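Here the structure is laid out as structure tokens; the discussion comes afterwards.
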Amino acid sequence: MDKNNFEIMLLDVMSCKWSHTLLKLIASNVHRPGELQKNIADISVKVMNESLLRLVKYKMLTKTLYNEVPPRVEYKLTSLGKDALSLLNDTHELRKKYEALGDD
9 MDKNNFEIML LDVMSCKWSH TLLKLIASNV HRPGELQKNI ADISVKVMNE SLLRLVKYKM
69 LTKTLYNEVP PRVEYKLTSL GKDALSLLND THELRKKYEA LGDD
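Take a look at the structure:
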């Protein structure tokens with residue numbers, strides 16, 4: 009991945025409303041789509057799946073399909089996903105500090 013692609017990927021992940029929440033939940037051992045859906049009240053199945061697939065495409069998550077009936081899917085953080093989660097956590101803290109400054 010060249011520098012421009014990396015920057016585009018990073019901006020895409022950081023600007024996604026659901027990336028931080030999904031990565032946090034998966035890091036806390038919520039791995040299956042149904043469990044994720046139950047933990048995020050405002051996300052539609054379509055948007056959740058698009059967000060998960062984007063994180064898989066960017067190698068922040070792995071997706072494992074189990075050959076079972078009914079089918080089972082699990083997502084896990086990669087080391088890049090752990091680093092991205094750390095960055096998103098830091099960004100969230102920075103935003104809170106910035107907002108505390110007010111509009112002076």
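Note that my numbering numbers the sequence shown so that position 2 is 10, with each residue one more than the last. Idealized CB from N, CA, C, for every residue including glycine. Since this is a predicted model, take the numbers as computed values, not measurements.
Residue closest to residue i, alpha-carbon to alpha-carbon, out of the options
i	options	result
leucine 131	Val64, Tyr74, Glu107, His100	Coverage of the chain is limited to positions 9 through 112, which leaves residue 131 absent and any answer about it impossible.
asparagine 47	Glu58, Lys32, Arg80	Lys32
glutamate 43	Tyr66, Arg62, Lys25, Val81	Val81
C-alpha gap between residue i and residue j, whole angstroms
i	j	result
threonine 29	valine 38	11 Å
valine 21	glutamate 76	31 Å
leucine 69	glycine 110	36 Å
tyrosine 106	tyrosine 74	44 Å
leucine 18	leucine 95	10 Å
Contact belief for residue i with residue j at Cβ below 8 Å, rounded distance in angstroms
i	j	result
leucine 93	alanine 35	6 Å
lysine 113	tyrosine 83	Absent from the model: residue 113. The displayed extent of the chain is 9 to 112, so no value can be given.
Neighbourhood of residue i by C-beta distance below 8 Å, restricted to the same chain and skipping five residues each side
i	result
methionine 56	Trp26, Leu30, Pro41, Leu44, Gln45, Ile48
asparagine 13	none
Which of helix, strand or coil DSSP assigns to residue i
i	result
threonine 70	strand
arginine 80	strand
leucine 7	Because the chain spans 9 through 112 in this model, residue 7 falls outside it and cannot be assessed.
Same chain, Cβ closer than 6 Å to residue i, five either side skipped, listed in chain order
i	result
arginine 103	none
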